[in-house]
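Below you'll find the structure, written out as structure tokens, and then a few comments.
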Amino acid sequence: HLLLHGALPQGRELDDFASAVGNECHVPAQVVNVIKSLPSSAHPMAILIASFVTLAACYHAENSIDPLKSAIVAISKVPGIVAAIYRHTSGMPAVEADPNLGYVQNFVKMMFGDLGSTRQSVICRALESIFIMHADHEQNASTATVRVTGSAGANLFACLSAGAATLWGPAHGGANEAVVRMLEEIGSPERVGMFIQ
Numbered sequence: 001h002l003l004l005h006g007a008l009p010q011g012r013e014l015d016d017f018a019s020a021v022g023n024e025c026h027v028p029a030q031v032v033n034v035i036k037s038l039p040s041s042a043h044p045m046a047i048l049i050a051s052f053v054t055l056a057a058c059y060h061a062e063n064s065i066d067p068l069k070s071a072i073v074a075i076s077k078v079p080g081i082v083a084a085i086y087r088h089t090s091g092m093p094a095v096e097a098d099p100n101l102g103y104v105q106n107f108v109k110m111m112f113g114d115l116g117s118t119r120q121s122v123i124c125r126a127l128e129s130i131f132i133m134h135a136d137h138e139q140n141a142s143t144a145t146v147r148v149t150g151s152a153g154a155n156l157f158a159c160l161s162a163g164a165a166t167l168w169g170p171a172h173g174g175a176n177e178a179v180v181r182m183l184e185e186i187g188s189p190e191r192v193g194m195f196i197q
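Numbering of the sequence shown is given in UniProt numbering, commencing with residue 1 and proceeding in unit increments.
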């Protein structure tokens with residue numbers, strides 16, 4: 001809400017915004033079909049880019065509607081798309097969105113299924129912090145790409161596809177992927193010394 005409106009929500013604004021996001025949380029069947037049609041061994045970023053391009057086809061007239069509505073649709077669909085990609089590349093079936101859950105809770109459920117209240121609570125708190133941190137990342141390479149593409153009047157989802165392609169690069173989001181691979185290679189605290197040598 002703050003990023004879209006420039007102010008914290010007042011009164012019912014937060015409930016109205018959460019309801020609008022929840023109402024759009026289901027991923028279109030066309031996007032789910034594209035995800036399922038791609039090899040489970042495909043890079044998740046390639047599948048994400050294909051998913052955004054498919055959303056551009058599904059919402060090709062979105063440029064003619066309220067830009068806020070387009071933003072809400074994008075914000076609403078991304079968690080389900082990311083979760084469906086994760087589960088597809090992990091060999092698991094997608095979990096349907098639940099519009100009655102909060103944004104982060106819904107994402108965690110779609111990613112991991114039922115974790116139990118304690119684990120889910122810990123993961124949700126961590127993700128809320130991570131999402132806030134990333135939302136405040138300002139003018140990084142993928143954001144700049146989305147803005148440049150948008151300045152040409154492109155469909156919002158085409159802009160997000162361009163941004164995701166930029167995020168995939170090793171000097172941007174790909175750097176996070178390299179860190180995860182390094183941590184997996186290290187495996188345990190006892191192996192840190194050997195890894196550094």
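Glycine is no exception: its CB is placed at the ideal position from the N, C-alpha and C atoms. Fair warning: this is a prediction, and the values are worked out from it, not measured in the lab.
Note down the Cα distance separating residue i from residue j, rounded to an integer number of angstroms.
| i | j | result |
| --- | --- | --- |
| G169 | T145 | 12 Å |
| residue 253 | A71 | Any property of residue 253 remains undetermined from this structure, which presents the chain solely from 1 to 197. |
| S142 | I196 | 31 Å |
| A84 | V31 | 10 Å |
| R181 | P93 | 25 Å |
| residue 250 | L38 | There is simply no residue 250 to check, as the chain begins at 1 and stops at 197 in what is shown. |
| L55 | P67 | 15 Å |
| C124 | V108 | 7 Å |
| A20 | H172 | 31 Å |
Kindly indicate which residue of the options has the alpha-carbon position closest to the one of residue i.
| i | options | result |
| --- | --- | --- |
| M110 | I47, V82, L160 | V82 |
| G102 | V179, V53, I75, H88 | I75 |
| S121 | N140, L4, Q105 | Q105 |
| I35 | H88, L115, L127, A97 | H88 |
| Y86 | S129, S40, E128 | S40 |
| D98 | E138, A18, A61 | A18 |
| V53 | L183, A164, G193 | A164 |
What first and last residue would you give for the alpha helix (DSSP H) that runs through residue i?
| i | result |
| --- | --- |
| A152 | It is not in any alpha helix (DSSP H) - A152 carries neither H nor E in the DSSP assignment. |
| C124 | 117 to 135 |
| A84 | 67 to 89 |
| R181 | 173 to 186 |
| P44 | 44 to 58 |
| V21 | 13 to 23 |
| V192 | 192 to 196 |
| L4 | 2 to 5 |
| V95 | Segment: none, V95 is in no alpha helix (DSSP H) and carries neither H nor E. |
| R30 | Here residue 30 turns out to be Gln, not Arg, going by the sequence shown. Where Q30 is concerned, the enclosing alpha helix (DSSP H) stretches over 29 to 37. |
| N140 | First-last for N140: undefined, no H or E at that position. |
| Q105 | 103 to 112 |
Between residue i and residue j, how many whole angstroms is the CB-CB distance? I'm expecting something under 8 Å.
| i | j | result |
| --- | --- | --- |
| G113 | C25 | That pair is no contact at about 17 Å. |
| K69 | V27 | The pair is not a contact, with the Cβ atoms about 17 Å apart (cut-off 8 Å). |
| L14 | H5 | In fact, because the Cβ distance is near 11 Å, the residues do not count as touching under 8 Å. |
| N155 | H60 | 6 Å |
>> Pairs of beta-carbons, one from the region 45 to 54 and one from the region 153 to 165, closer than 8 Å: are there three or more?
In response: yes
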